[in-house]
Amino acid sequence: MDSTIVQKLVIFFGPLLFALCFHEFAHGLVAKWRGDNTAERMGRLTMNPMAHADLMGTFVFPIVSILMTSGMASPIIFGWAKPVPVESRNLKNVRTDMFWIALAGPLSNIFLAVVTTFIWALILKFQLFADYSQGVQMFATTFIGTNILLAVFNMVPLHPLDGGKVLARFLPASLNYKLEQHEQISGIILLGLLFSGVLMKILYIPMDFLYRLIVTSVMSIF
0 MDSTIVQKLV
10 IFFGPLLFAL
20 CFHEFAHGLV
30 AKWRGDNTAE
40 RMGRLTMNPM
50 AHADLMGTFV
60 FPIVSILMTS
70 GMASPIIFGW
80 AKPVPVESRN
90 LKNVRTDMFW
100 IALAGPLSNI
110 FLAVVTTFIW
120 ALILKFQLFA
130 DYSQGVQMFA
140 TTFIGTNILL
150 AVFNMVPLHP
160 LDGGKVLARF
170 LPASLNYKLE
180 QHEQISGIIL
190 LGLLFSGVLM
200 KILYIPMDFL
210 YRLIVTSVMS
220 IF
């Protein structure tokens, strides 16, 4: 395999795969903490990519996007994993518990972005891997950016995204039920906005703000 292809997959696909797995793992872990061990029983409480992988969303779509981008330019990459199953009957307070389970995914990606920035700052401070500084910077910025993208996108307040479930905590049950019943329609609308580029233009502002906030705040410590 061409070395450039390998580098592109490591730098761009690696962070996405890890971020997706950690996101779903976080959903399952918080669900267990709130009383539902469905994810654990189904083998989803793991960082094994194959337990969470969706063929199209986790592999085909992201890898094709990466390979179609010329050179080492940053591709417009996006992907998804299989949602972690949650059995609401096992939860003590469905509305509150589902709120925290849904919020766990985006928060886990913010956590990864912050941790990665800390590691990157330490590498810069102690001049580690100086011979590979360009590659380290590209990997770090990609890892941080990918996690911020997943966090912000998933907080869009529409079903079937996490943001729709977070919003449900504050909506009348009857209204949320109607929104859940039409989540296929809202899902199609989301995909249309995503592939048209409109959604990314909308999300760029909060993504850029969050990226600058995390990187500037952490780097200032060092």
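Quick note: the sequence shown uses numbering that gives the first Met the number 0, first residue 0, plus one each step.
Ideal Cβ positions, reconstructed from N, Cα and C, are used throughout, including at glycine.
Since we're looking at a predicted model, the values are computed, not measured.
With C-beta atoms as the reference, is residue i less than 8 Å away from residue j?
i, j, result
"L149", "A38", "no"
"R33", "W119", "no"
"L106", "V151", "no"
"A139", "V29", "no"
"Y210", "I122", "no"
"I76", "S87", "no"
"L16", "G27", "no"
"P156", "G162", "yes"
"R168", "T68", "no"
"I4", "L66", "yes"
On the premise that residue j lies in contact with residue i, defined as a C-beta separation below 8 Å, what is that separation, rounded to the nearest angstrom?
i, j, result
"P159", "G186", "6 Å"
"T141", "F11", "6 Å"
"A50", "G42", "5 Å"
"V214", "I109", "Contact flag wrong, Cβ pair sits at about 13 Å."
"K81", "D53", "5 Å"
"A101", "K177", "Not a contact, Cβ separation roughly 18 Å."
"T145", "V217", "Incorrect: roughly 17 Å between the Cβ atoms, too far for contact."
"P135", "F125", "Reading off the sequence, residue 135 comes out as Val, not Pro. The pair is not a contact, with the Cβ atoms about 12 Å apart (cut-off 8 Å)."
Comparing the C-beta of residue i with each C-beta of chain B, is any distance below 8 Å?
i, result
"L166", "The displayed structure is made up of one protein chain only, and chain B is not part of it."
Stretch pair the region 57 to 67 + the region 190 to 209: three plus CB contacts closer than 8 Å: Contact between the region 57 to 67 and the region 190 to 209 is absent: fewer than three C-beta pairs spanning the two stretches fall below 8 Å.
Segment contact, 8 Å Cβ cut-off, at least three pairs: the region 19 to 29 with the region 81 to 94: The region 19 to 29 is in contact with the region 81 to 94.
Sequence ranges, alpha helix (DSSP H) only - wholly within the region 145 to 178, length at least 4: Taken in chain order, the complete alpha helix (DSSP H) segments of 4 or more residues contained in the region 145 to 178 are 161 to 167.
Complete beta strand (DSSP E) runs within the region 82 to 138 (minimum length 3 residues, chain order): The region 82 to 138 is shown to contain no whole beta strand (DSSP E) run of 3 or more residues.
Segments of 3+ residues assigned as beta strand (DSSP E) that fall wholly inside the region 26 to 75: The region 26 to 75 contains no complete beta strand (DSSP E) run of 3 or more residues.
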